[in-house]
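Participant: I have a structure I would like to understand better, so I am pasting it below and will then ask my questions one at a time.
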Amino acid sequence: MVLHMHNLIYIILTEVIMTPLIIWILEYSVSLSKNMSFLSHSISLIILVMMASMLDALLYYFITYKNLVDAVIAINIAMDTTTVALLYILVRYIRRKTAKYDRKLMINGSILLTWNEISMALLLFALSGNYLFNNINYIKYVSFFGSSITYILFLIPMVTEMLFFIIVKLKAFSRFAGILLLLMQVSDPAMFHGFIEFPLVISYSIIMFIVLYLIVVYIFKNRKNLSYNNKRLVLWIFTLIAISAAGIIEPFLISHPFGLSWLILAASMVISMLLYFEIVFGLFE
Numbered sequence: 000m001v002l003h004m005h006n007l008i009y010i011i012l013t014e015v016i017m018t019p020l021i022i023w024i025l026e027y028s029v030s031l032s033k034n035m036s037f038l039s040h041s042i043s044l045i046i047l048v049m050m051a052s053m054l055d056a057l058l059y060y061f062i063t064y065k066n067l068v069d070a071v072i073a074i075n076i077a078m079d080t081t082t083v084a085l086l087y088i089l090v091r092y093i094r095r096k097t098a099k100y101d102r103k104l105m106i107n108g109s110i111l112l113t114w115n116e117i118s119m120a121l122l123l124f125a126l127s128g129n130y131l132f133n134n135i136n137y138i139k140y141v142s143f144f145g146s147s148i149t150y151i152l153f154l155i156p157m158v159t160e161m162l163f164f165i166i167v168k169l170k171a172f173s174r175f176a177g178i179l180l181l182l183m184q185v186s187d188p189a190m191f192h193g194f195i196e197f198p199l200v201i202s203y204s205i206i207m208f209i210v211l212y213l214i215v216v217y218i219f220k221n222r223k224n225l226s227y228n229n230k231r232l233v234l235w236i237f238t239l240i241a242i243s244a245a246g247i248i249e250p251f252l253i254s255h256p257f258g259l260s261w262l263i264l265a266a267s268m269v270i271s272m273l274l275y276f277e278i279v280f281g282l283f284e
């Protein structure tokens, strides 16, 4: 696949801007966990919503006819969600004027970060020239989503973010879980959009067995020391392994390889992202 030079520049800019921004926002929020102020919480919320909505707006404009109506709709996509976020902050300020670093904040923050990741994946895949909707081919929508989340252009920044926090932030069982999640992403069978799929399926299957073996051995050795939250995290990892296994088995049951598998593997990736952010936030500690 050959990319136009201007699209390649946009792809690089998107990854160069979004990857450090997501790392910074997550690191910023976690570093203020014991002294979370309403201002710092509001700043994080606004930046995340603005970036995700901007990516969605750019995606919409890129895949449409790029006329005046499309430009207006794209602007509204960016502005409406940001306005909702501002109204939420205003109402919360009137009612509480405080921000508490609790389970709700961790989950909401993880969801917002996952939204940013998904928006980035969709835009990167569109910029690479795949499945553009200029002819209003709605049949491609599901395939577009599944392919975007598992595509190599998105896996590069995602793996970079995971490596950063595994090395810098995570400790003990959280680091072990983060490494397992990383292993489950590095050989996704759909990362090259159907190319060299057979070798990737083999390597992905081997990695799944390795992950399963490592988690079982860890549980056996530490079964008396695992906390309730650790057990919940283990259950989620087993769920991801089951979903990934379904994505591998599906092509043998349906005649078109990786049609549905892309969507199944994409669902696994989305859950993995959400789980990874929750781990970094400290939800399972």
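Using our numbering, count along the sequence shown one by one with no gaps and you end on 284. We put the beta carbon where it would ideally sit given N, CA and C, even for glycine.
1. Going straight from the alpha carbon of PRO256 to that of ALA245, what length do you get?
2. Starting from PRO156 and walking both ways along the alpha helix (DSSP H), at which residues does that stretch end?
3. Note the first and the last residue of the continuous alpha helix (DSSP H) segment covering PHE175.
4. Can you grab the Cα-Cα spacing for the pair ILE110 / THR80, in whole Å?
5. Quick one: give me the first and last residue of the alpha helix (DSSP H) that VAL68 is part of.
6. Going by CA-CA distance only, name the one from ILE278, ILE16, HIS40 that's closest to LYS168.
7. Could you give the C-beta distance for ILE10 and LEU123, rounded to a whole number, given that I count them as a contact under 8 Å?
8. According to DSSP, is PRO256 part of a helix, a strand, or is it coil?
9. With 16 as the cutoff for other CB atoms within 10 Å, does GLU284 come out buried or exposed?
10. For MET57, which option in ILE205, VAL200, ASN6 has the closest C-alpha, if you only look at C-alpha atoms?
11. On the premise that TYR64 lies in contact with ALA73, defined as a C-beta separation below 8 Å, what is that separation, rounded to the nearest angstrom?
12. Compute the Euclidean distance between the alpha carbons of ASN115 and MET50, then round it to the nearest angstrom.
13. Among VAL48, LEU54, ALA77, which has the Cα closest to the Cα of TYR87?
14. Got a sec? Which residues, its chain only, sit under 6 Å from THR113 by beta carbon, not counting five neighbours each side?
15. Classify ASP285 as buried or exposed, calling it buried when 16 or more other Cβ atoms lie within 10 Å of its own Cβ.
16. Would you decide whether SER52 is buried or exposed? Buried here means 16 or more other CB atoms lie within 10 Å of its CB.
17. Of the residues VAL185, PHE143, PHE172, THR149, which one's Cα is nearest the Cα of MET161?
18. Within 10 angstroms of the Cβ of ALA241, are there 16 or more other Cβ atoms? Answer buried if so, exposed if not.
19. Check for me: the alpha helix (DSSP H) holding GLU284 runs from which residue to which?
20. Which residue wins for smallest C-alpha separation from VAL29, given the options TRP261, LEU12, TYR100?
21. Since PHE276 contacts LEU31 with CB under 8 Å, what's their CB separation in whole angstroms?
22. Can you tell which of MET268, ALA176, MET183 has its C-alpha closest to the C-alpha of ILE148?
23. Please list, in chain order, all residues of the same chain as ALA266 whose beta carbon is under 7 Å from its beta carbon, the five residues on each side excluded.
24. How long is the line joining the alpha carbons of ASN228 and ASN66, rounded to whole angstroms?
25. Assuming SER127 contacts TRP261 (C-beta within less than 8 Å), just tell me the rounded distance between them.
26. Considering only the alpha carbon of each residue, which of LYS230, LEU181, ILE16, ILE218 lies closest to ILE206?
27. So which of MET119, ILE42, LEU282, LEU232 has the shortest CA-CA distance to MET157?
Facilitator: Well, looking at it:
1. Position 257 of the sequence shown, counting from 1, holds the residue named residue 256. Position 246 of the sequence shown, counting from 1, holds the residue named residue 245. For PRO256, the predicted structure reports a pLDDT of 46, less than 50, and the residue's modelled location is therefore unreliable. A value from the coordinates is still provided. Whole-angstrom Cα-Cα distance: 13 Å.
2. Here residue 156 refers to the residue found at position 157 of the sequence shown. Per DSSP, PRO156 belongs to the alpha helix (DSSP H) from 151-167.
3. On the sequence shown, residue 175 is found 176 positions in, with the first residue counted as 1. Per DSSP, PHE175 belongs to the alpha helix (DSSP H) from 171-182.
4. Position 111 of the sequence shown, counting from 1, holds the residue named residue 110. Position 81 of the sequence shown, counting from 1, holds the residue named residue 80. Computed Cα separation, rounded: 15 Å.
5. In the sequence shown, counting from the first residue as 1, residue 68 sits at position 69. Segment 67-94, the alpha helix (DSSP H) holding VAL68.
6. For the purposes of this step, residue 168 is taken as the residue at position 169 of the sequence shown. The shortest C-alpha separation from LYS168 is found at ILE278.
7. Here residue 10 refers to the residue found at position 11 of the sequence shown. Here residue 123 refers to the residue found at position 124 of the sequence shown. Beta-carbon to beta-carbon, ILE10 and LEU123 are separated by about 6 Å, close enough to satisfy the 8 Å threshold.
8. For the purposes of this step, residue 256 is taken as the residue at position 257 of the sequence shown. Bear in mind that a pLDDT of 46 at PRO256, under 50, signals an unreliable position, so the number given afterwards is only what the model happens to contain. Note: PRO256 maps to coil in three-state DSSP.
9. The residue given as residue 284 occupies position 285 in the sequence shown. With fewer than 16 Cβ atoms within 10 Å of its Cβ, GLU284 is classed as exposed.
10. Position 58 of the sequence shown holds residue 57. In the sequence on display, residue 57 carries Leu and not Met. The residue with the shortest Cα to Cα distance from LEU57 is ASN6.
11. Looking up residue 73 in the sequence shown gives position 74. Looking up residue 64 in the sequence shown gives position 65. In fact, because the Cβ distance is near 12 Å, the residues do not count as touching under 8 Å.
12. Residue mapping note: residue 115 aligns to position 116 of the sequence shown, counting from 1. Residue mapping note: residue 50 aligns to position 51 of the sequence shown, counting from 1. Cα-Cα distance, rounded: 7 Å.
13. Walking along the sequence shown from the start, residue 87 turns up at place 88. Closest by alpha carbon: VAL48.
14. One-based indexing of the sequence shown puts residue 113 at position 114. These residues qualify, in order along the chain: MET272, LEU273.
15. An answer regarding residue 285 cannot be provided, because it is not within the stretch 0 to 284 covered by the chain.
16. For the purposes of this step, residue 52 is identified with residue 53 of the sequence shown, where counting begins at 1. SER52 comes out buried.
17. Along the sequence shown, one-based indexing puts residue 161 at 162. For MET161, the nearest C-alpha among the options comes from VAL185.
18. Along the sequence shown, one-based indexing puts residue 241 at 242. The residue in question, ALA241, is exposed, as its Cβ has fewer than 16 Cβ neighbours within 10 Å.
19. By 1-based counting over the sequence shown, the position of residue 284 is 285. Careful: GLU284 lies outside any alpha helix (DSSP H) and carries neither H nor E.
20. Counting from 1 along the sequence shown, the entry for residue 29 is found at position 30. Per the Cα distances, TYR100.
21. Looking up residue 276 in the sequence shown gives position 277. Looking up residue 31 in the sequence shown gives position 32. That pair is no contact at about 16 Å.
22. By 1-based counting over the sequence shown, the position of residue 148 is 149. When only C-alpha atoms are compared, the closest one is MET268.
23. The count along the sequence shown starts at 1 and reaches residue 266 at position 267. ILE242, listed in sequence order.
24. Here the question's residue 228 lines up with position 229 in the sequence shown. Here the question's residue 66 lines up with position 67 in the sequence shown. The straight-line gap from Cα to Cα measures roughly 51 Å.
25. As a working note, residue 127 is residue 128 in the sequence shown. As a working note, residue 261 is residue 262 in the sequence shown. Contact flag wrong, Cβ pair sits at about 15 Å.
26. To locate residue 206, count along the sequence shown from 1; it is residue 207. For the residues LYS230, LEU181, ILE16, ILE218, the minimum Cα distance to ILE206 belongs to LEU181.
27. Numbered from 1 along the sequence shown, position 158 holds the residue referred to as residue 157. Nearest of MET119, ILE42, LEU282, LEU232 to MET157, Cα basis: MET119.
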